[in-house]
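Peer 1: Structure below; questions to follow.
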Amino acid sequence: MTEPRVNAAAARDRTAPTLRPPGPRAALLIGALLAAGLLVSQSLKVVPAGYVGVVFSSFTGVKAQPLQEGIHFLVPFVDRVNLYDARLQEVTLAHNVQDGDEGAIRARSKEGLDITADVTVQFRVDRTKAATLHKELGRDYVRTVIRPQVRSKVRDSIGQFGAADIISSKRQEVEASITTELRRIFERNNLLLDSVLLRELRIPDSIAKAIEQKQAAEQQVAVERNRLQQSTIGAQRAVVEAEGQAKAAIARARGEAEALSLRGRALRENPQLIQLTVAEKLSPGIQTVMLPSTGNFLLDVGTLTQPAKAAAKP
């Protein structure tokens, strides 16, 4: 009864597949594929958007031509790419920033007063000079160049101005001075300065109060000076008007004198004008007759008619 079972087990053993180790040819093919994949991964490098790549060759050192965005082919196991962020970056030095020993910039004004400045500097890596930047400064350029230079130039620029001017009318000039000096330093270190932002300038409260009082006094003096100028202008205007009126009166008097002189001369040269004038003054209230026609006297008709009127009365 047990014999058929043994035969069935033997039959299954004969039909089951057997696993054989790969042959030499298959092993070589697999190894070649793995090596090719490794070579491809080492020879292709993708530079992400906004970055620039600096190639370091084990044979020649840093290559002068940086890699821009996209896919690039390298010498496998020889070339190595260092990526630099070429987008807009910023460094802030402020009292509320905790970055090691970094913080707000303490400086002194022209008269020696303490001024604390919060500054933000925006900059970029010069893409065309990324290889030189990598060779001379390396990745730690923010700590070795940017932060110390910003502190130095901010102190130098603030020291050229008075405290009252810095917190009032000369703020933009201070900012422009800092920008000019930092741009020169950044360009020398293969960086592009975008802008310098003076976020806040602080001075001691006692000094600020004294400056405010001084400015208020100067404004009051300016107001009084303006009033004085207005009064002076008003007085000058009155003098000019008086002089004008005097000149006008003189002109009128001169004109009247000249008119009288001309009238007198006319009367002297033409005596008949006197009789005509007298006649014009007397008529029509008084009846007057000039006798004779070539004479030089007047005859009142009223005096001649008075006796006749008296005789006619009863």
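So for the sequence shown, this note's numbering puts the first residue at 1; every next one is plus one.
The beta carbon of each residue, even a glycine, is placed where N, CA and C say it ideally should be.
1. Let's test the definition: count the other Cβ atoms within 10 Å of the Cβ of SER177 and tell me whether it reaches 16, buried, or not, exposed.
2. What three-state label does DSSP hand ILE71 in the structure shown?
3. Considering only their Cβ atoms, is the gap separating GLU175 from VAL196 smaller than 7 Å?
4. Please specify which runs of the alpha helix (DSSP H), each continuous and at least 4 residues long, are wholly inside the segment 121–175, giving them in chain order.
5. Compare the beta carbon distance of ILE185 and GLN149 with 7 Å and say whether it is the shorter of the two.
6. Can you give me the C-alpha to C-alpha distance between LEU262 and ALA251, rounded to a whole angstrom?
7. Does the count of Cβ pairs from the segment 188–203 and the segment 110–124 closer than 8 Å reach three?
8. First and last residue of the beta strand (DSSP E) that includes GLN89?
9. Straight-line CA distance for VAL81 to GLY53?
10. Start and end of the beta strand (DSSP E) containing SER58?
11. Please state the DSSP three-state secondary structure of ILE203.
12. Closest by CA to GLU136, which one among ASN96, LYS170, ASN189, ARG106?
13. For PHE161, count neighbouring Cβ atoms within 10 angstroms of its own Cβ and tell me buried if that reaches 16, exposed if not.
14. Drop a sphere of 10 angstroms on the beta-carbon of ASP99, count the other beta-carbons inside from all chains shown, and report buried for 16 or more, exposed for fewer.
15. Measure the C-alpha to C-alpha separation of ASN96 and ILE71 and round it to an integer number of angstroms.
16. Would you report the Cα separation of ALA117 and ARG108, rounded to the nearest angstrom?
17. Note down the Cα distance separating ALA259 from GLN236, rounded to an integer number of angstroms.
18. Rank ALA49, ARG199, GLU224 by C-alpha distance to the C-alpha of LEU67 and give the top, closest one.
19. Got a sec, what are the start and stop residues for the beta strand (DSSP E) LYS45 sits in?
20. Could you tell me if SER58 is buried or exposed, where buried requires 16 or more neighbouring beta carbons within 10 angstroms of its beta carbon?
21. Can the beta-carbon of PHE73 be found less than 7 Å from the beta-carbon of SER43?
22. I need the boundaries of the beta strand (DSSP E) containing ALA86, first residue and last residue.
23. By how many angstroms is the C-alpha of GLU90 removed from the C-alpha of VAL221?
24. Using 8 Å for Cβ pairs, my map puts VAL119 next to LEU88. What's the rounded Cβ distance?
25. Count the other CB atoms, across all protein chains shown, that sit within 10 Å of the CB of SER157; report buried if there are 16 or more and exposed otherwise.
26. Quick one: is ASP105 buried, meaning 16 or more other Cβ sit within 10 Å of its Cβ, or exposed?
Peer 2: From the atom records:
1. The residue is buried, with at least 16 neighbouring Cβ atoms inside 10 Å.
2. strand
3. yes
4. Uninterrupted alpha helix (DSSP H) stretches at least 4 residues long and entirely within the segment 121–175 occur at 130–136, 147–158, 163–166, given in chain order.
5. GLN149 sits close to ILE185, with the two beta carbons spaced by under 7 Å.
6. Approximately 16 Å, taken between the alpha carbons.
7. yes
8. Start and end: 89–93.
9. 6 Å
10. That residue, SER58, is in no beta strand (DSSP E); it is neither H nor E in DSSP.
11. coil
12. ASN189
13. Burial is judged here by how many other beta carbons sit within 10 angstroms of a residue's own beta carbon; PHE161 has at least 16 and is buried.
14. Low per-residue confidence applies at ASP99: pLDDT is 47, beneath 50, and the placement is therefore not dependable, though the value from the model is reported in the following sentence. With fewer than 16 other Cβ atoms within 10 Å, it is exposed.
15. 42 Å
16. Answer to the nearest angstrom: the Cα atoms are 10 Å apart.
17. Cα atoms of ALA259 and GLN236: separation of roughly 34 Å, rounded to the nearest angstrom.
18. Considering only alpha carbons, the answer is ALA49.
19. DSSP places LYS45 in the uninterrupted beta strand (DSSP E) bounded by 44–47.
20. exposed
21. Going by C-beta atoms, PHE73 is nearer than 7 Å to SER43.
22. That residue, ALA86, is in no beta strand (DSSP E); it is neither H nor E in DSSP.
23. 44 Å
24. Between LEU88 and VAL119 the Cβ distance is about 16 Å, and since that is not below 8 Å, they are no contact.
25. buried
26. In the sequence as presented, Asp is not what sits at residue 105; that position holds Ile. Counting Cβ neighbours within 10 Å, ILE105 comes out buried, since at least 16 surround it.
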